[in-house]
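Residue 50 is where the sequence shown starts when you use the working numbering, and the numbers rise one by one after that.
By construction, the Cβ of each residue, glycine as well, lies at the ideal position given by its N, Cα and C atoms.
To keep things clear, I will list the structure first and then write my remarks on it.
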Amino acid sequence: MATKYHNLSDYDTNTVPDASNMRFGIVVSEWNKNITGALLDGALTTLKKHGAKEENILVQTVPGSFELTFGSAQMIKSGRVDAVIALGCVVRGDTPHFDYVCSGATQGITYLNATTDVPVIYGLITTNNMEQAEERSGGKLGNKGDECAVTAIKMLDFICKLKK
50 MATKYHNLSD YDTNTVPDAS NMRFGIVVSE WNKNITGALL DGALTTLKKH GAKEENILVQ
110 TVPGSFELTF GSAQMIKSGR VDAVIALGCV VRGDTPHFDY VCSGATQGIT YLNATTDVPV
170 IYGLITTNNM EQAEERSGGK LGNKGDECAV TAIKMLDFIC KLKK
C-alpha cells in the first residue's frame with residue numbers, strides 16, 4: 050500500500066511481540082542527516098517501546114545510502130545482531146545518480162535478505178523532493194523508522210516461530 054494512504058507510524062501495538070531478548074543493528078546514512086536522524090529516532094523509540102534493551106541496540110553510521118549494504122553486511126558478520134535496520138534517504142536530483150544509488154542499495158539489501166539468516170529491514174526513503182522525505186520521517190505520513198523497527202521485531206518473531 051502506498052504511503053500516501055497509510056501512516057507509517059500507525060500500527061496495532063498489540064500485534065508487536067516483546068523485543069526484550071532481541072538484538073538489533075541499525076545502519077544509518079549520514080547523507081540527508083536531518084531526515085535520517087529523524088528515522089533513527091523513530092526506530093530507537095519504537096524498539097525501546099516494545100522492550101528492546103539499550104545494550105542490545107548497535108547503531109553505526111555510513112557516509113551515504115549506497116553504503117547501507119556494506120554496513121549491514123558487516124553488522125551481520127559481527128554476530129552481534131539478530132536483525133539489521135538500514136536507514137537512508139535519497140532525494141531525486143538533476144542527474145541519474147538517484148537511480149543508481151536507489152537501485153544499488155535496494156539490490157544489495159535484497160541480496161543480503163536472500164543469502165543470510167539475518168533479516169535486513171529496508172528503511173531507505175526515496176523521494177522526489179525534501180518535503181516528501183520530511184513527511185515520511187515524522188511528518189504527516191508518520192515515520193518510516195517506526196515502521197522499520199516494528200518490521201524488524203516481527204521478522205525476528207517469524208524466525209523464532211519457524212525454529213519451534
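Burial state of residue i (16 or more Cβ within 10 Å)
i	result
Cys138	buried
Asn63	exposed
Pro145	exposed
Thr159	exposed
Ser114	buried
Asp143	exposed
Three-state secondary structure (DSSP) of residue i
i	result
Ser152	helix
Thr12	It is not possible to answer for residue 12, since the shown part of the chain is limited to 50 through 213.
Tyr160	helix
Leu88	helix
Val65	coil
Among the options, the one whose alpha carbon lies nearest that of residue i
i	options	result
Ala201	Ala87, Ile106 and Asn83	Ile106
Thr118	Asn177, Thr164 and Gly153	Gly153
Ala198	Leu89, Trp80 and Ile125	Leu89
Ala163	Gly128, Ala122 and Thr85	Ala122
Lys82	Asp148, Glu116, His55 and Thr110	Thr110
Sub-8 Å separation of residue i and residue j beta-carbons
i	j	result
Gly74	Leu136	no
Ile208	Ile170	no
Gly187	Ala101	no
Ala132	His99	no
### Task
Please list the segments of the beta strand (DSSP E) lying wholly inside the region 93 to 148, counting only runs of 3 or more residues, in order along the chain.
106 to 111 and 132 to 140
#### Entry: Those runs of the beta strand (DSSP E) which lie wholly inside the region 167 to 211 and span at least 3 residues
169 to 176 and 186 to 188
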